[in-house]
Amino acid sequence: MSAPEPAAIRTRGLRRVYGDTVAVHGLDLTVAEGEKFGFLGPNGAGKSTTISMLSTLLRPSAGRAEVAGADVAHRPDEVRRRIGVVFQEPTADRELTGWQNLYFHARLHGMPQREVRSQARSLLDMMGLADRSEAPVGTYSGGMQRRLEVARALMHRPRVLFLDEPTTGLDPQSRAQVWQKLHELGRQDAVTVFLTTHYLEEAENCDRIAVMDHGRLVAQGTPQALKSAIGADVVHLRTGDDENTVRSIRERFGLDAETTPDGVRVRTADGARWVPRLCAHLATGVTSVAVTRPSLDDVFLHHTGRSLRNP
Amino acid sequence: MLKPTAERPGRLTARPPGRRASELAALRALVRRETTRLIASPAQTGLTLLNPLLYFVVLGTGLSAMVGSASGTGDYMMYVYPGILMMAVQMPALNAGMSIVRDRETGLLRAVLVAPVRRDTFLVGKCLGSTATATAQSGLLLAFAGLAGLPYDPLLLLALLGELALVAFTLTAFVTLAAVRITRIETFQSALGVTMLPLFFLSGAMFSVEGLPVWLAALTLVNPLTYAVDALRQTVAGAAPGGVLPTGPDWGGWEPPLLVELLVMCVLGLAALALAARRFSRAA
Numbered sequence: 042m043s044a045p046e047p048a049a050i051r052t053r054g055l056r057r058v059y060g061d062t063v064a065v066h067g068l069d070l071t072v073a074e075g076e077k078f079g080f081l082g083p084n085g086a087g088k089s090t091t092i093s094m095l096s097t098l099l100r101p102s103a104g105r106a107e108v109a110g111a112d113v114a115h116r117p118d119e120v121r122r123r124i125g126v127v128f129q130e131p132t133a134d135r136e137l138t139g140w141q142n143l144y145f146h147a148r149l150h151g152m153p154q155r156e157v158r159s160q161a162r163s164l165l166d167m168m169g170l171a172d173r174s175e176a177p178v179g180t181y182s183g184g185m186q187r188r189l190e191v192a193r194a195l196m197h198r199p200r201v202l203f204l205d206e207p208t209t210g211l212d213p214q215s216r217a218q219v220w221q222k223l224h225e226l227g228r229q230d231a232v233t234v235f236l237t238t239h240y241l242e243e244a245e246n247c248d249r250i251a252v253m254d255h256g257r258l259v260a261q262g263t264p265q266a267l268k269s270a271i272g273a274d275v276v277h278l279r280t281g282d283d284e285n286t287v288r289s290i291r292e293r294f295g296l297d298a299e300t301t302p303d304g305v306r307v308r309t310a311d312g313a314r315w316v317p318r319l320c321a322h323l324a325t326g327v328t329s330v331a332v333t334r335p336s337l338d339d340v341f342l343h344h345t346g347r348s349l350r351n352p
Numbered sequence: 127m128l129k130p131t132a133e134r135p136g137r138l139t140a141r142p143p144g145r146r147a148s149e150l151a152a153l154r155a156l157v158r159r160e161t162t163r164l165i166a167s168p169a170q171t172g173l174t175l176l177n178p179l180l181y182f183v184v185l186g187t188g189l190s191a192m193v194g195s196a197s198g199t200g201d202y203m204m205y206v207y208p209g210i211l212m213m214a215v216q217m218p219a220l221n222a223g224m225s226i227v228r229d230r231e232t233g234l235l236r237a238v239l240v241a242p243v244r245r246d247t248f249l250v251g252k253c254l255g256s257t258a259t260a261t262a263q264s265g266l267l268l269a270f271a272g273l274a275g276l277p278y279d280p281l282l283l284l285a286l287l288g289e290l291a292l293v294a295f296t297l298t299a300f301v302t303l304a305a306v307r308i309t310r311i312e313t314f315q316s317a318l319g320v321t322m323l324p325l326f327f328l329s330g331a332m333f334s335v336e337g338l339p340v341w342l343a344a345l346t347l348v349n350p351l352t353y354a355v356d357a358l359r360q361t362v363a364g365a366a367p368g369g370v371l372p373t374g375p376d377w378g379g380w381e382p383p384l385l386v387e388l389l390v391m392c393v394l395g396l397a398a399l400a401l402a403a404r405r406f407s408r409a410a
């Protein structure tokens, strides 16, 4: 009983209940192969519970989920062979070296000895850890540990990589580094990446995102589509004569413009493309321009009534 | 093909052919991970051995002088040596249980549980690996056999090492069983602390349990450590130049011979491990 078109992850009515609390309400989700899919939501939205169910560590209370072609409840071992997981909390063995961590992981996944070494070497190389592979993980920085965990999760060549809050607790530089590696990964292999995050910037890096709140999916789509769905860009202009500017923008371009204490505000789709035309044709002299696009936070605010930045 | 068995209820669907081989490979990896960890932290090993060594050298010599002058029979250093060896097994066995509880609490365990390996394989691997490290650590104390007045006879040392391995297995299995049932590290620590010390004292490790009141004596008979200490002591006494064998556990007038004692430990250990594995497989 396989799906009509290939999907890396497909859930139908996936639900998890803890006592009286419903952590995940009937989730319907389809993630295509090779996609980088982000699961955005505040802490406690049910993101980790979902990842636990998809990675077979938690039995769904109801509904079903297929990951990499196998049902998580009925064929968990097949799912486990085809997925890699990076957990939210650090899970590398601090007493062992980076190489030893990769080695034992690979052997637990039944990888033949002869393949382990070459695969470990190329992953350590890719993650920029080659020169520290013989040092105990306890001596690694937070970012290095994270990159090692990503390498470890990739050792057995999974088809789907789960990352639960991959950069929480890392400094901005380490975060950027982890992301750089994730991007390289996307270019090289057709591995599907499913990650949860409560960082808006990280969600921007994904091909498609789903916004989750209180255990429910409130929106999904590409970051672009989600943002354009809730509204247009805003172009801020500073000019010598705001009143005349507004009038000529309305008359000449038919755009929605208004004066504000900070200058002129123009609402339009594709704001950046209007900037050269506005500057060229306005006689009143533009002294400064800024284009603001709706952020994912606006998306989140729109769908949940709350902001992710200032909950 | 695999037939349905009692240990594998409902686990028959779509098992690929190399299943047993991959579980065995995983088991080997789990055992090797423990031994690798031991080699990676020699300081920890040294510290773990410090305690039994202190008991042996300080308490042993001190009491030896006192006991010797009071009763004039036997050598206390030799008497207490098996108890010291067992003490050296106890500590790493406890640490094994502690690491299971801690790994579960911190989420580290999930990284292992997400591998395509049966949960009972994980537990057995962890237990066997810890048995190996506990044996190796306590085996280092065999270097001090001379202090107990024992000859460095390879056969004797080998026999003691073999017995230590069995003791290590039984103890680790019991500690693992406790670790599977107790989820909080604080509870685990106090529960094991409360049980281990009396069991140790009631095993005849430091003093003979002959003079104990009946109810306490009954307790010594169900104490696995009693058989561990007595087995080691029988071996020690057999090899000592003029060794006097102290009385061991008494089953209604019959003192079980060495092999029966080893068997008792083996059975107890296997039973504890089986229970632990069953319980661990069911926890979701």
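Those protein sequences? They're chains E and L, same order as listed.
Numbered per our numbering, the first sequence spans residues 42 to 352.
Numbered per our numbering, the second sequence spans residues 127 to 410.
Even for Gly, the Cβ is constructed at its ideal location relative to N, Cα and C.
Residue i - DSSP class collapsed to helix/strand/coil
{"i": "Ser329 of chain E", "result": "strand"}
{"i": "Val232 of chain E", "result": "coil"}
{"i": "Gln315 of chain L", "result": "helix"}
{"i": "Thr209 of chain E", "result": "coil"}
{"i": "Glu123 of chain L", "result": "The structure shown does not extend to residue 123 of chain L, since chain L spans only 127 to 410, so no value can be given for it."}
{"i": "Thr263 of chain E", "result": "coil"}
{"i": "Pro375 of chain L", "result": "coil"}
{"i": "Tyr278 of chain L", "result": "coil"}
{"i": "Phe203 of chain E", "result": "strand"}
{"i": "Gly79 of chain E", "result": "strand"}
{"i": "Leu258 of chain E", "result": "strand"}
{"i": "Leu68 of chain E", "result": "strand"}
{"i": "Pro302 of chain E", "result": "coil"}
{"i": "Pro324 of chain L", "result": "helix"}
{"i": "Asp61 of chain E", "result": "coil"}
{"i": "Gly312 of chain E", "result": "helix"}
{"i": "Asp297 of chain E", "result": "strand"}
{"i": "Thr180 of chain E", "result": "helix"}
{"i": "Val240 of chain L", "result": "coil"}
{"i": "Arg310 of chain L", "result": "coil"}
{"i": "Gly139 of chain E", "result": "helix"}
{"i": "Gly198 of chain L", "result": "Since pLDDT at Gly198 of chain L reaches only 41, below the 50 mark, its modelled position is unreliable, and no value is offered."}
{"i": "Val348 of chain L", "result": "coil"}
Test: residue i CB closer than 8 Å to a CB of chain B
{"i": "Pro168 of chain L", "result": "Included in the structure are the protein chains E and L, with no chain B among them."}
Continuous alpha helix (DSSP H) stretch holding residue i: start and end
{"i": "Met217 of chain L", "result": "Tyr202 to Thr232"}
{"i": "Val183 of chain L", "result": "From DSSP, Val183 of chain L is part of no alpha helix (DSSP H); its letter is neither H nor E."}
{"i": "Gly265 of chain L", "result": "Arg245 to Gly265"}
Chain E residues whose Cβ lies nearer than 7 Å to that of residue i
{"i": "Leu234 of chain L", "result": "Thr132"}
{"i": "Arg159 of chain L", "result": "Phe145"}
{"i": "Ser316 of chain L", "result": "By Cβ distance, chain E contributes nothing, its closest Cβ being about 25 Å from Ser316 of chain L, past 7 Å."}
Bounding residues of the beta strand (DSSP E) (the contiguous stretch that carries residue i)
{"i": "Met253 of chain E", "result": "Arg249 to Asp254"}
{"i": "Asp166 of chain E", "result": "No beta strand (DSSP E) holds Asp166 of chain E; the alpha helix (DSSP H) holding it covers Gln154 to Met167."}
{"i": "Glu245 of chain E", "result": "From DSSP, Glu245 of chain E is part of no beta strand (DSSP E) but of the alpha helix (DSSP H) over Leu241 to Glu245."}
{"i": "Asp274 of chain E", "result": "Asp274 to Thr280"}
{"i": "Val108 of chain E", "result": "Ala103 to Val108"}
Chain L residues whose Cβ lies nearer than 7 Å to that of residue i
{"i": "Gln141 of chain E", "result": "Thr162"}
{"i": "Asp118 of chain E", "result": "Pro242"}
{"i": "Pro177 of chain E", "result": "Ala166"}
{"i": "Val126 of chain E", "result": "Val240"}
{"i": "Ser329 of chain E", "result": "None at all; the shortest Cβ gap to chain L is about 50 Å."}
Cβ distance (whole Å) where residue i is taken to contact residue j below 8 Å
{"i": "Ala237 of chain L", "j": "Ala299 of chain L", "result": "No, Ala237 of chain L and Ala299 of chain L are not in contact; Cβ-Cβ is about 24 Å, not under 8 Å."}
{"i": "Phe235 of chain E", "j": "Ile50 of chain E", "result": "6 Å"}
{"i": "Ala244 of chain E", "j": "Gly79 of chain E", "result": "5 Å"}
{"i": "Glu387 of chain L", "j": "Tyr353 of chain L", "result": "4 Å"}
{"i": "Phe270 of chain L", "j": "Phe182 of chain L", "result": "7 Å"}
Under 9 Å by beta carbon: chain L residues contacting residue i
{"i": "Arg51 of chain E", "result": "Within 9 Å Cβ-Cβ: nothing; Arg51 of chain E doesn't reach chain L, min ~19 Å."}
Distance CB(residue i)-CB(residue j) smaller than 8 Å
{"i": "Leu137 of chain E", "j": "Val191 of chain E", "result": "no"}
{"i": "Lys222 of chain E", "j": "Met168 of chain E", "result": "yes"}
{"i": "Val65 of chain E", "j": "Leu81 of chain E", "result": "no"}
{"i": "Thr247 of chain L", "j": "Glu160 of chain L", "result": "no"}
{"i": "Val127 of chain E", "j": "Val108 of chain E", "result": "no"}
{"i": "His322 of chain E", "j": "Pro83 of chain E", "result": "no"}
{"i": "Thr346 of chain L", "j": "Val362 of chain L", "result": "no"}
{"i": "Ala151 of chain L", "j": "Gly125 of chain E", "result": "no"}
{"i": "Gly312 of chain E", "j": "Leu278 of chain E", "result": "no"}
{"i": "Gly209 of chain L", "j": "Val355 of chain L", "result": "yes"}
Contacts of residue i in chain E (Cβ-Cβ under 8 Å)
{"i": "Val71 of chain L", "result": "The structure shown does not extend to residue 71 of chain L, since chain L is modelled only from 127 to 410, so the question has no answer here."}
{"i": "Ala285 of chain L", "result": "Result: empty, since nearest Cβ-Cβ is about 32 Å, beyond 8 Å."}
{"i": "Ser148 of chain L", "result": "Gly151"}
Cross-chain neighbours of residue i in chain E, by beta carbon under 9 Å
{"i": "Ala152 of chain L", "result": "Arg148, Leu149, His150 and Gly151"}
Near the ligand MG: residue i beta-carbon under 7 Å from a heavy atom
{"i": "Gly85 of chain E", "result": "Of ligands this structure carries none, so the ligand MG is not represented either."}
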